[in-house]
Every structure is written in C-alpha cells, then in structure tokens.
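A.B. asks: Sending over a structure as structure tokens; questions will come in a sec.
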C-alpha cells in the first residue's frame, strides 16, 4: 500500500521491509500520521506491529524503505531526530523506589529539559496521565495501570511530535485499562501525533482516527473505522426472537431483496442482511405478516473483528 502525498505529516513510512534470517517480519509497509492524529496498527501478536514501530523509533534498521519524522530520516545512527519521538514500550521503564514525580524529573533531566521548564512540565504530565494526586507516592506501591500511565508520562515529557505506544494496556485490569485509554484520548488536544499498536479492536475503535489492519507483516487495509467496515459489503446480522409460525416467517423473509440468508433455530430467526438499519421495518412487517409474533429484534453491525476475518480468513486473536 502506498501512502498519498501530504507535506505536513509528522510521520511518513514508505515501503519498509525487515527480515530476520529467512523470515520477513515486515513486508513493504507504508503509512502516514498527521499532527493531532491517532493512527492505529491493529493485528494479532506476531503480525509485525512491534517490528514496525521499532523501525519508526530508530531502534532497528529497515532492510528496505524509509522512515521520516518531521522530514528527517530515522535510523539507529540518526540521533538528532529522536528529539521528535517519544517511545512507550510494552516493558515498564520506571524506577520502583522513586515517586512518580521523581521518576519524571529524572527522565526529564536525561532528556535535557532545563530545571524551570522541567518542574512545570512534570506537573503538566502528572495531570495529563491522571497521577497528580499520587505524584509523591512510591511507584512500587502503584497498581499495574498506574505504572503504565507513568510510563506514558515519561514518553511525553519532552513534548515529542510523535508518541509511539506499543500495546500500552497489556496485562492491566479493566479499570486501569480505561484510565490509560482516557489518558491517550487527551493527547490529541496537545496536537501530538500518536502511533498506537494493539490487538484489541475495541481500543482501535475508541482511540484511532485511522486504522491499519496488519497481518503477516503487511497492511491488509487502511482507513477510518467506517471505511474499513464497508469492506465487508455492509452485511449486518439480525436476530428475530418470537413465537408462532417461524418457518413461514423464514420463507417470507428469504424472498426479500435485502436478505442474504435466513437460518431458523427454534423460535429464533438468524438473518444475514444488507444494511439492516434500512431493512428492519420490512423484516418486522414480513415476519409478523407470515404469522410470527416477535418478542425481540437484535441488530449486530460489523466491527473491526469482522473486517479482519473478511480480509484474512481468520480471527483477530488467532
């Protein structure tokens, strides 16, 4: 897939390839991320997400293709460009014996922030990641989710143009996970470009302005959530539950143009329907007209899991 032109993009990845022996982990990946945009790489473990962001962060050299951040080439030997990049890896990179404030102050000094700006910036970051009330508590006493949020804070300190988040919610409880996602949602307010990798479709749907579905080292499709869902052909699933003449209702609904398939299961009809929101009135009318008394109508719209299955023939978490 080739990205289109856009001179103002923070990140431009063009045809990157990375091999490990005979294994091609990333195979011609291209995409762009604009200022204030959260761009998601969605795929199962082993799809090539972490290798891709390792090349974007300059930790791993691409065997082919190029990566540019703020117009500057990225690579292991390109030190200056790293001032534009904040990397939040899966593994925690904080000191448990220090407080949250002390951790941020330590890393801020390593990043070259001057004392006056550093004090102000530490306060801003603590508030942004929701740790301002626990700023002076020992990090070793933090929950897993709080440690993850502090890890994100370290990556934010130097105001990078691009923040890279690699599976930031792995291994945390649902409450902590929601707090992390809330913190990430606030980043676009600062105009920061965010590259977010995940294998959780609900995270991609919630956070990302655009999403690339990646599998076997290649981008299979890219677009907004709605653009990707349209790749399934607009097929929805409708569940009609009731009593009466279910078989007659199945026969009647099967003749409707919008209905692709009808399966009867006891007192339930399972329908595959094109654009169910427009067809639901005719479905209800057809079923009741054929002698079925309805007690429940449930519509399931396609999601990113459906798109992944449609594109790759396997489930997202396979």
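In this note's numbering, the protein residues as written are 24 to 341.
Where a beta carbon is used, it is the ideal one built from N, C-alpha and C, also for glycine.
1) Is residue 97 helix, strand or coil by DSSP?
2) First and last residue of the alpha helix (DSSP H) that includes residue 198?
3) Assuming residue 310 and residue 263 are in contact, meaning their beta carbons sit under 8 Å apart, how far apart are those beta carbons, in whole angstroms?
4) Could you tell me which of 298, 260 and 283 sits nearest to residue 321, measuring between CA atoms?
5) Check whether the Cβ atoms of residue 38 and residue 53 sit closer than 8 Å, and answer yes or no.
6) Just confirm the distance between the C-beta atoms of residue 40 and residue 51, as a whole number of angstroms; I'd bet it's less than 8 Å.
7) For residue 174 and residue 87, what's the separation of their Cα atoms in angstroms?
8) Determine, using beta-carbon pairs with one atom in the region 275–282 and one in the region 226–244, whether at least three such pairs fall under 8 Å.
9) Consult DSSP for residue 116 and reduce its assignment to one of helix, strand or coil.
10) Counting C-beta neighbours from all protein chains within 10 Å, is the total for residue 163 16 or more, i.e. buried, or is it exposed?
11) Just how far apart, CA to CA, sit residue 249 and residue 159?
12) Are at least three pairs of beta-carbons, each pair with one atom in the region 109–125 and one in the region 56–70, less than 8 Å apart?
13) The alpha helix (DSSP H) that contains residue 146, what's its start and end?
14) Determine the direct distance from the alpha carbon of residue 151 to that of residue 112, and round the result to whole angstroms.
15) At 3 residues or longer, what runs of the beta strand (DSSP E) sit wholly inside the region 246–271?
16) Assuming residue 230 and residue 327 are in contact, meaning their beta carbons sit under 8 Å apart, how far apart are those beta carbons, in whole angstroms?
17) How about residue 89 and residue 96: do their beta carbons lie closer than 8 Å?
18) Residue 126 and residue 56 - do their beta-carbons sit closer together than 8 Å?
19) Check whether the Cβ atoms of residue 244 and residue 334 lie closer than 8 Å to each other.
20) Closer than 6 Å by C-beta to residue 296: which residues in its own chain qualify, once you throw out the five before and the five after it? Chain order, please.
21) To the nearest angstrom, how far is the alpha carbon of residue 142 from that of residue 182?
22) By DSSP, does residue 156 sit in helix, in strand, or in coil?
23) Does the Cβ of residue 45 have 16 or more other Cβ atoms within 10 Å, making it buried, or fewer, making it exposed?
24) In this structure, does DSSP put residue 239 in helix, strand or coil?
25) Between the C-alpha atoms of residue 197 and residue 246, what's the straight-line distance to the nearest angstrom?
26) Cβ of residue 34 within 8 Å of Cβ of residue 185?
27) Put residue 41 into one of helix, strand or coil per three-state DSSP.
28) What does the alpha-carbon distance come out to for the pair residue 201 and residue 107?
29) May I ask you to report which of helix, strand or coil DSSP gives residue 70?
30) Closest to residue 316 by CA distance: which of 144, 291 and 339 is it?
C.D. replies: Once the coordinates are examined:
1) coil
2) 197–208
3) 6 Å
4) 260
5) yes
6) 6 Å
7) 31 Å
8) no
9) coil
10) exposed
11) 43 Å
12) no
13) 138–151
14) 19 Å
15) 258–267
16) That pair is no contact at about 12 Å.
17) yes
18) no
19) yes
20) 259, 261, 281, 282 and 302
21) 14 Å
22) helix
23) exposed
24) coil
25) 27 Å
26) yes
27) strand
28) 27 Å
29) coil
30) 291
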